[in-house]
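The next block holds one structure in the form of structure tokens; read it before the comments.
Protein chains in written order, with the numbering used here: chain C, 1 to 109; chain F, 1 to 113.
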């Protein structure tokens, strides 16, 4: 069963516009959720995790247990935000991550 | 220490051949993970080591796959009798403990022809 769903494979927004990358998960326990980012020709890296409740590069993500969502948001997109974004989930006590299929964000100048 | 290193970066092999990949984690990281990523998909977990002990293996890791971490430092992933379906990017990650400290390598891209 797919634990993490990212419904948009591609997303394009204009520079300065708000951006929201959707992530829904399927897990009955208390998940730990993450967003990873892969910039062009770079390795996969952690962007943020829900536990830390921090904002990284202007991005935030709130865990909504009622809607089982962990959408990634940024109020004003920048060209350097263009990248592949993966939502990932870890089950309680687990050591591995389940990744979604990713969303490629393109910020149009 | 420049992060997680994987070797080779690319590997082309004929179907039926054996291949071995190497991962050098960040030196102070005791946890090491292997993932596989096929085109259009996110990374999928294969296996996990804590020091030299292989503690978890995914069902994706068929009998043709074997991973080792003999001294708790570098790790190798071997695929025997490769099949075209094994073509993928093989990613290694390490962490000092827990999931927030995951650092990924650049991966080894395997093409089976």
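Ideal Cβ positions, reconstructed from N, Cα and C, are used throughout, including at glycine.
Simplified DSSP assignment, three categories, for residue i
i	result
residue 7 (chain F)	strand
residue 52 (chain F)	coil
residue 80 (chain C)	helix
residue 37 (chain F)	strand
residue 24 (chain F)	strand
Under 9 angstroms by beta carbon: chain C residues contacting residue i
i	result
residue 43 (chain F)	36, 44, 86, 88, 97 and 99
Chain-ordered chain F contacts of residue i [CB-CB under 7 angstroms]
i	result
residue 102 (chain C)	42
CA-to-CA distance, residue j to residue i, given in whole angstroms
i	j	result
residue 77 (chain F)	residue 91 (chain F)	10 angstroms
residue 69 (chain F)	residue 21 (chain F)	12 angstroms
residue 33 (chain F)	residue 93 (chain F)	5 angstroms
residue 13 (chain F)	residue 19 (chain F)	8 angstroms
residue 124 (chain C)	residue 72 (chain F)	Nothing about residue 124 (chain C) can be reported from this structure: the residues present for chain C run from 1 to 109 only.
residue 9 (chain F)	residue 29 (chain C)	38 angstroms
residue 78 (chain C)	residue 15 (chain F)	44 angstroms
residue 54 (chain F)	residue 75 (chain C)	43 angstroms
residue 50 (chain F)	residue 60 (chain F)	19 angstroms
residue 64 (chain F)	residue 27 (chain C)	31 angstroms
residue 110 (chain C)	residue 14 (chain C)	Any property of residue 110 (chain C) remains undetermined from this structure, which presents chain C solely from 1 to 109.
residue 42 (chain F)	residue 89 (chain C)	12 angstroms
residue 110 (chain F)	residue 46 (chain F)	15 angstroms
Proximal chain C residues relative to residue i, where beta-carbon distance stays under 8 angstroms
i	result
residue 56 (chain F)	95 and 96
residue 90 (chain F)	Result: empty, since nearest Cβ-Cβ is about 13 angstroms, beyond 8 angstroms.
Contact set between residue i and chain C, taken where Cβ atoms lie within less than 7 angstroms
i	result
residue 102 (chain F)	46
residue 144 (chain F)	With chain F covering 1 to 113 only, the question about residue 144 (chain F) has no answer from this structure.
is_contact[residue i, chain B] using C-beta, thresh 8 angstroms
i	result
residue 48 (chain F)	Any reference to chain B falls outside this structure, whose protein chains are C and F.
Worksheet entry | Every unbroken alpha helix (DSSP H) inside the stretch 28 to 74 of chain C [4 residues or more] | none
Worksheet item: Given 8 angstroms as the limit, is there contact between the stretch 53 to 64 of chain C and the stretch 2 to 17 of chain F, that is, 3 or more CB pairs closer than that?
Response: no
Worksheet item: If you pair each beta-carbon of the stretch 79 to 90 of chain F with each one of the stretch 82 to 89 of chain C, do three or more pairs fall below 8 angstroms?
Response: no
Practice prompt. Kindly confirm or deny that the stretch 102 to 110 of chain F and the stretch 23 to 33 of chain F touch, where touching means at least three C-beta pairs closer than 8 angstroms.
Written response: yes
Worksheet item: Does the count of Cβ pairs from the stretch 47 to 54 of chain C and the stretch 6 to 14 of chain C closer than 8 angstroms reach three?
Response: no
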